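Have a look at the structure below, then the notes.
This is how it looks when you write it as structure tokens:
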């Protein structure tokens, strides 16, 4: 058997190397994407009518591996009141107001402090006696052409199918300045510079004057 002697100085260097590696250790965020299931996006949710005048609505999303908690955040888009509820498993039942437009999303977190948030879904609770729903916030798409221009497009949805026009706001200031007014178009070309943040707001207005805002920001 051959014994290899390591000089003391080498041992010291090895110890400091290990300490250096330990100091740079960061947990890897391996959480999967959160896929929302119910209520369905841009649809009316029937739910269950309750004696107190509210509606019980079931929320559901796909399980994500390694999750410690699920945080459901939902908003009354008219009053802009925001609420939250936690669950150790996928799925929750909540009592909501009838005839109301809600937006919701789910954030998952693990034991290492990592988190991921789903896309946002919108839905209506049933309860309006007449057809006079606020339009759903428009879905925005921005394609950067890499030459200083981009195509800004949007898609509006209304349960009453009575969208009248859109007001388009776009600039590098927040809130953005108006780009188009009372337009029925659903796309336009905009100018963009690299490294500058641009703010977007698409206001969808129906024939009854009801409207919703859809806001995003982008840095090319």
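In our numbering, the protein residues as written are 61 to 280.
A virtual CB, placed ideally from N, CA and C, is assigned to each residue, including glycine.
Quantities reported herein were computed from a predicted structural model and do not represent experimental measurements.
Name the one or two DSSP bridge partners that residue i has.
i	result
residue 143	134
residue 200	214
residue 114	Its beta-bridge partners do not exist; DSSP assigns none.
residue 238	229
residue 153	118
residue 175	169
residue 265	225, 271
Using 10 angstroms around the beta-carbon of residue i, count the other beta-carbons present and answer buried if the total reaches 16, otherwise exposed.
i	result
residue 193	buried
residue 85	Residue placement at residue 85 is flagged as unreliable, the pLDDT there being 46, under the threshold of 50; the coordinate-derived value follows with that caveat. Exposed, since its Cβ has fewer than 16 Cβ neighbours within 10 Å.
residue 223	buried
residue 125	exposed
residue 264	buried
residue 185	buried
residue 138	exposed
residue 216	buried
residue 270	buried
residue 144	exposed
residue 156	buried
residue 251	exposed
residue 97	exposed
residue 91	buried
residue 195	buried
residue 110	exposed
When the distance is taken between beta carbons, is residue j closer than 9 Å to residue i?
i	j	result
residue 242	residue 225	yes
residue 107	residue 100	no
residue 122	residue 150	yes
residue 197	residue 274	yes
residue 218	residue 266	yes
residue 236	residue 259	yes
residue 118	residue 153	yes
residue 214	residue 256	no
residue 171	residue 128	yes
residue 160	residue 131	no
residue 133	residue 165	yes
residue 212	residue 221	no
Please report whether the beta-carbon of residue i lies at a distance below 9 Å from any beta-carbon of chain B.
i	result
residue 122	Judged by its chain identifiers, the structure shown contains no chain B, having just a single protein chain.
Can you look up residue i in the DSSP assignment and give me helix, strand or coil?
i	result
residue 230	strand
residue 248	strand
residue 273	strand
residue 100	coil
residue 109	strand
residue 257	coil
residue 91	coil
residue 124	coil
residue 182	strand
residue 209	strand
TODO: May I ask you to verify whether the segment 204–214 touches the segment 168–188, counting CB pairs closer than 8 Å and requiring at least 3?
DONE: no
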